[in-house]
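A.B. asks:
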């Protein structure tokens, strides 16, 4: 059975950093489709431009379609700020995929903004502050309203500090195990 791993969370949550450890070492996943990395490959000195981002997204979705058609296990990264990944999940499941969603949460949008600033200072890509804040809220909303109900397995972690803390994990059938009810309830109510 092929697996689709969705590495998600707000900008600055540590998705890419975690992916480079979790995917090859723990999950034995060799395919990681990431539009930010594609953008860097297309235009290393202008990866933040809208035109490059649009082209990177187009290439990313084309690659995802190829991987699904081939029945290959792969991972992708997203903020969950849009609803478009839901159709991809359903398509993958129709093709026999088991979908695992990992959500890296940060305790405030301010921390997300600060993390992105640190990334930029280290040579990484920038995201405008209003976009970070919008995606932070939209991602949490979509996580509970759209993505948890359709993911075969999911895990939410607090990546605000090191080591990260597992908040909750569960399955599509609504069976879940919550380790931090205060945070889980806050997230569930989109606070």
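Numbering (the UniProt record's numbering), first residue to last: 1 to 191. Just so you know, even glycine gets a beta-carbon here, dropped at the ideal spot from N, CA and C.
1. Could you round the C-beta distance between residue 69 and residue 100 to whole angstroms and report it? I think they count as a contact, below 8 Å.
2. Assess, as a yes-or-no matter, whether the segment 59-68 is touched by the segment 102-119 under the definition of 3 or more beta carbon pairs within less than 8 Å.
3. Suppose the cutoff is 8 Å on Cβ atoms and the five residues either side in sequence are ignored; what does the same chain contact list for residue 96 look like?
4. Under the three-state reduction of DSSP, which class applies to residue 117: helix, strand or coil?
5. If I'm right that residue 103 touches residue 9 with Cβ under 8 Å, what's the distance once you round it to whole angstroms?
6. CA-CA distance, residue 173 and residue 145?
7. Determine the DSSP secondary structure at residue 179, reduced to helix, strand or coil.
8. Taking residue 128 as the reference, give the member of 20, 21, 50, 22 with the closest Cα.
9. Rounded to the nearest angstrom, how far is the Cβ of residue 14 from that of residue 159, given a contact under 8 Å?
10. Taking residue 40 as the reference, give the member of 94, 24, 167, 59 with the closest Cα.
11. Between 27, 21, 6, which has its C-alpha nearest residue 33's C-alpha?
12. In the DSSP output, which residue or residues are listed as bridge partners for residue 129?
13. Within the continuous beta strand (DSSP E) that includes residue 122, where are the two ends?
14. Taking the CB atoms as reference points, tell me whether residue 109 and residue 153 lie closer together than 8 Å.
15. How is the beta strand (DSSP E) around residue 67 delimited, first residue to last?
16. Which residue or residues does DSSP assign as beta-bridge partners of residue 169?
17. What residue from 18, 19, 156 has the CA that sits closest to residue 169's CA?
18. Which residue comes first and which comes last in the beta strand (DSSP E) that contains residue 100?
19. Where residue 4 and residue 25 are concerned, what is the direct C-alpha to C-alpha distance, given to the nearest angstrom?
C.D. replies: This is what the structure gives:
1. With 8 Å as the limit, residue 69 and residue 100 do not qualify as a contact, their Cβ atoms being about 20 Å apart.
2. Too few Cβ pairs lie closer than 8 Å, so no.
3. 1, 2, 71
4. helix
5. 6 Å
6. 15 Å
7. Residue state, collapsed to three classes: coil.
8. 50
9. 5 Å
10. 59
11. 6
12. Paired residues: none, contrary to the question.
13. It is not in any beta strand (DSSP E) - residue 122 carries neither H nor E in the DSSP assignment.
14. No; because the gap between Cβ atoms is not below 8 Å, this pair is not in contact.
15. Run containing residue 67: none in the beta strand (DSSP E); it sits in the alpha helix (DSSP H), 50-70.
16. In the DSSP output, where bridge partners are listed per residue, residue 169 has 155, 177.
17. Among 18, 19, 156, the Cα nearest to that of residue 169 is on 156.
18. 98-105
19. 16 Å
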